[in-house]
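In the numbering used here, the protein residues as written are 2 to 245.
Inspection log for the structure reproduced underneath, given as structure tokens.
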């Protein structure tokens with residue numbers, strides 16, 4: 002009896018099966034079909050679309066269908082690994098997730114006509130969580146079978162707590178953007194100020210050099226080449242010879 006080969010297991014899921022369709026031959030075929038359709042869809046003057054890869058083909062063979070990306074979702078929703086995603090990322094309501102709401106809706110107002118204080122509600126939920134956790138410990142010591150309801154209560158409190166914090170995400174994103182733009186503005190102003198200081202310093206140096214007065218003798222000495230020592234000896238011997 003042959004020994005069974007051990008199955009290879011992986012922490013990550015296997016790639017989708019359509020990766021086998023991306024072979025060099027299939028890629029060459031679909032590129033050729035795109036060029037042919039682009040030539041056929043031209044304006045008659047030989048003008049072809051600049052990006053041939055964006056041409057959508059019709060009636061593709063089965064082995065080439067996976068090489069053409071799908072159209073954008075018309076309703077703005079799509080599924081990936083069984084989860085539904087939307088272009089408009091909105092915070093889902095607790096009622097849609099079948100979770101009991103433990104604080105009023107943001108649209109609701111209290112008796113004074115003001116919006117409810119989220120910080121105060123977060124503090125109350127935190128205290129309730131501690132109290133329910135202590136009650137859960139007591140139930141587990143006395144009657145563990147009755148702890149399921151308390152666990153569900155703690156679960157609802159945690160989800161409400163997390164949901165209330167997520168309502169601050171738009172405000173956090175806005176404040177983060179403001180802080181980032183302010184830091185960029187401060188950095189630009191500091192660089193501009195440093196450039197202006199360097200410019201003023203260079204101008205002061207140039208003005209100081211321009212105000213210096215150079216003596217005429219110094220200028221003449223700089224312009225007239227000085228004689229070398231042997232030039233004086235040559236002139237002396239020349240004068241002696243001329244007298245003889």
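No residue lacks a Cβ here, since even glycine has one placed at the ideal position from N, Cα and C.
For clarity, every value in this text was computed on a predicted model and none was experimentally measured.
Residue i and residue j closer than 9 Å at C-beta
i, j, result
"residue 60", "residue 23", "no"
"residue 154", "residue 133", "yes"
"residue 27", "residue 64", "yes"
"residue 165", "residue 94", "no"
"residue 53", "residue 35", "yes"
"residue 170", "residue 92", "yes"
"residue 86", "residue 75", "no"
One or two residues paired with residue i in a DSSP bridge
i, result
"residue 85", "80"
Cβ-based burial, residue i [other Cβ within 10 Å; buried from 16]
i, result
"residue 175", "exposed"
"residue 5", "The predicted position of residue 5 is uncertain, since its pLDDT is 45 and thus under 50; a value taken from the coordinates is nonetheless stated next. With fewer than 16 Cβ atoms within 10 Å of its Cβ, residue 5 is classed as exposed."
"residue 16", "exposed"
"residue 3", "Note that residue 3 scores a pLDDT of 47, beneath 50, so its modelled location is shaky; the value from the coordinates is reported in the next line. Label assigned to residue 3: exposed."
"residue 8", "Low confidence applies to residue 8: its pLDDT is 49, below 50, so where it sits in the model is not reliable enough to give any reading."
Residue i to residue j span [Cα, whole Å]
i, j, result
"residue 191", "residue 209", "27 Å"
"residue 32", "residue 69", "11 Å"
"residue 204", "residue 186", "27 Å"
"residue 84", "residue 152", "27 Å"
"residue 38", "residue 55", "11 Å"
"residue 142", "residue 136", "10 Å"
"residue 130", "residue 88", "35 Å"
"residue 71", "residue 106", "39 Å"
"residue 196", "residue 178", "27 Å"
"residue 62", "residue 13", "31 Å"
"residue 20", "residue 80", "19 Å"
"residue 41", "residue 25", "24 Å"
"residue 194", "residue 201", "11 Å"
"residue 96", "residue 90", "17 Å"
"residue 82", "residue 140", "39 Å"
"residue 173", "residue 101", "26 Å"
"residue 199", "residue 189", "15 Å"
"residue 58", "residue 18", "22 Å"
"residue 163", "residue 98", "13 Å"
"residue 104", "residue 138", "25 Å"
"residue 212", "residue 239", "47 Å"
Query raised in the report: Below 8 Å, can you find three or more Cβ-Cβ pairs linking the segment 176-186 to the segment 128-148?
Result: no
Task: Stretch-stretch touch, CB-based, cutoff 8 Å, three pairs: the segment 120-140 with the segment 157-164 - done: yes
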